[in-house]
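Numbering (my numbering), first residue to last: 1 to 376.
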């Protein structure tokens with residue numbers, strides 16, 4: 001360990017219920033020893049879609065309330081996000097069903113808005129993937145950006161946390177275009193880190209009280225992890241949060257590709273140290289398959305996405321949101337065209353009925369079972 005490397009604080013607080021969330025959030029931030037004085041603040045929660053708080057998909061409204069109460073009444077607070085698609089006011093609906101929208105009626109200084117309706121500005125970036133993208137001007141107009149991720153597993157990125165949550169800063173169909181540019185999870189992870197460098201959140205506070213395990217980020221199983229984490233460094237927070245639920249540092253790609261900047265030994269854990277929470281990983285978890293040639297990976301390991309006709313309600317959210325038009329509609333049923341599919345999992349993530357499922361042949365199933373056994 002290099003003694004001259006800068007140490008990064010990560011605050012970890014046990015919190016088994018949202019009844020105690022105000023105290024837990026205040027303590028997590030207090031331990032970091034930072035000032036939150038600001039005239040304008042942007043709070044970026046995880047509002048993936050129209051899900052109720054108890055479904056553990058979105059940042060819990062009580063968690064957001066607790067963060068709002070960290071600021072005095074003279075601070076103007078914007079609560080904003082863009083959900084997985086901008087079809088038919090999807091984000092607006094998500095803010096209402098997740099019970100986040102009503103928060104603005106409880107605070108005179110809070111406004112809840114969708115990024116999809118905000119004025120945008122073009123970004124000049126060194127990142128080849130992100131150069132020329134449009135992000136809300138509001139991100140540059142506030143004094144502080146507070147990032148509020150939800151602790152969940154994820155079928156595409158394995159884990160979704162502070163870095164991944166910033167993807168919602170790209171409004172509307174811009175996210176689909178990013179998925180089309182990013183051919184695999186490795187490139188996607190590097191894009192997320194570049195986006196993090198553009199947004200530059202001042203503080204990340206994770207809602208890990210009620211999280212999700214299994215096939216997250218939306219149809220996994222709710223899981224009481226009972227923890228709140230906070231850090232000025234989003235990568236450091238993700239390293240500790242993913243460790244708590246059982247991931248090794250290199251298994252989460254955004255952690256792996258940031259190791260030149262942040263290493264596990266750089267972390268100084270404050271509060272409840274050494275927490276461990278058992279967690280079911282996504283069925284799609286790749287891990288060692290990243291080291292295999294692509295043709296072997298696709299033929300022997302990766303599971304295919306298919307649409308269950310009995311669960312499908314033909315809402316066509318998957319059809320309209322697919323970044324590469326890989327879903328066919330014959331008028332009777334929707335079917336995924338696997339020759340076109342790039343495996344971004346947008347259809348799985350956005351389907352409100354859980355109709356998009358993972359299926360595979362014998363060899364794929366065997367490899368997945370062996371890996372599950374090895375992870376125990």
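Every residue gets a Cβ at the ideal spot worked out from N, C-alpha and C, and that includes glycine.
Residue i burial status per 10 Å Cβ neighbour count (16 or more: buried)
i           : result
residue 6   : exposed
residue 309 : exposed
residue 238 : buried
residue 195 : buried
residue 285 : Note that residue 285 scores a pLDDT of 46, beneath 50, so its modelled location is shaky; the value from the coordinates is reported in the next line. Residue 285 is buried by the Cβ-count criterion.
residue 37  : exposed
residue 69  : exposed
residue 340 : exposed
residue 203 : buried
residue 207 : buried
residue 261 : exposed
residue 393 : Because the chain here runs from 1 to 376, residue 393 falls outside it and cannot be looked at.
residue 126 : exposed
residue 83  : buried
residue 349 : buried
residue 54  : exposed
residue 240 : buried
residue 243 : buried
residue 215 : buried
residue 152 : buried
residue 98  : buried
residue 172 : buried
Whole-number beta carbon distance between residue j and residue i, since they are thought to touch under 8 Å
i           : j           : result
residue 47  : residue 91  : 7 Å
residue 250 : residue 150 : Wrong, their Cβ atoms sit about 23 Å apart, outside the cutoff.
residue 378 : residue 317 : No information on residue 378 is available, as it lies outside the stretch 1 to 376 that the chain covers here.
residue 257 : residue 312 : Going by Cβ atoms, the distance from residue 257 to residue 312 rounds to 36 Å, so no, they are not a contact pair.
residue 132 : residue 140 : Contact flag wrong, Cβ pair sits at about 16 Å.
residue 157 : residue 253 : 7 Å
residue 79  : residue 103 : 7 Å
residue 118 : residue 271 : Contact doesn't hold; Cβ gap of about 35 Å is too wide.
residue 130 : residue 198 : 7 Å
Closer than 7 Å: residue i CB and nearest the ligand MN heavy atom
i           : result
residue 204 : Among the ligands in the structure shown, none appear at all, so the ligand MN cannot be discussed.
Separation of residue j from residue i, as counted between CA atoms
i           : j           : result
residue 65  : residue 273 : 26 Å
residue 35  : residue 228 : 19 Å
residue 291 : residue 306 : Unreliable placement is indicated for residue 291, whose pLDDT of 49 sits below 50; the coordinate value is still reported in the next sentence. Going from the Cα of residue 291 to the Cα of residue 306 covers about 26 Å.
residue 164 : residue 230 : 15 Å
residue 329 : residue 71  : 50 Å
residue 85  : residue 26  : 33 Å
residue 323 : residue 343 : 11 Å
residue 39  : residue 138 : 13 Å
residue 281 : residue 217 : 11 Å
residue 333 : residue 12  : 47 Å
residue 106 : residue 338 : 48 Å
residue 357 : residue 76  : 42 Å
residue 57  : residue 124 : 33 Å
residue 247 : residue 331 : 43 Å
residue 255 : residue 235 : 6 Å
residue 81  : residue 275 : 30 Å
residue 23  : residue 67  : 10 Å
residue 289 : residue 233 : At residue 289, the pLDDT of 49 sits below 50, so the modelled position is not reliable and the matter cannot be decided from this model.
residue 73  : residue 108 : 8 Å
residue 101 : residue 116 : 15 Å
residue 351 : residue 321 : 10 Å
residue 128 : residue 168 : 19 Å
residue 213 : residue 245 : 9 Å
residue 10  : residue 161 : 14 Å
residue 304 : residue 345 : 10 Å
residue 8   : residue 60  : 26 Å
residue 319 : residue 347 : 8 Å
residue 287 : residue 94  : With a pLDDT of 44 at residue 287, under the threshold of 50, the predicted position of this residue should be treated as unreliable, though the coordinate-derived value follows. So the alpha carbons of these two residues sit roughly 32 Å apart.
residue 52  : residue 33  : 34 Å
residue 1   : residue 263 : Only weak support exists for where residue 1 lies, its pLDDT of 49 falling under 50; the coordinates are left without a value.
residue 383 : residue 325 : Limits of the chain in this structure are 1 at one end and 376 at the other, which puts residue 383 out of reach.
residue 209 : residue 21  : 9 Å
residue 420 : residue 166 : Residue 420 lies beyond the range of the chain shown here (1 to 376); nothing can be said about it.
residue 205 : residue 315 : 34 Å
residue 155 : residue 185 : 10 Å
Sequence ranges, alpha helix (DSSP H) only - wholly within the stretch 194 to 251, length at least 4 = 234 to 244
Given 8 Å as the limit, is there contact between the stretch 207 to 227 and the stretch 181 to 194, that is, 3 or more CB pairs closer than that?
-> no
Looking at C-beta atoms only, is the number of pairs between the stretch 259 to 274 and the stretch 169 to 181 that lie closer than 8 Å three or more?
-> no
Would you check if the stretch 133 to 149 and the stretch 29 to 46 touch, i.e. whether three or more CB-CB distances between them fall below 8 Å?
-> The stretch 29 to 46 and the stretch 133 to 149 touch, with no fewer than 3 CB-CB distances between them shorter than 8 Å.
Counting only runs that start and end within the stretch 105 to 180, where is the alpha helix (DSSP H) found for 4 or more residues in a row?
-> 138 to 141, 162 to 165
Output the residue ranges of the beta strand (DSSP E) runs that lie fully inside the stretch 33 to 95 and measure 3 residues or longer, sorted by chain position.
-> Whole beta strand (DSSP E) segments, 3+ residues: 40 to 45, 76 to 81.
Kindly confirm or deny that the stretch 13 to 26 and the stretch 108 to 123 touch, where touching means at least three C-beta pairs closer than 8 Å.
-> Contact between the stretch 13 to 26 and the stretch 108 to 123 is absent, because fewer than three Cβ pairs lie under 8 Å.
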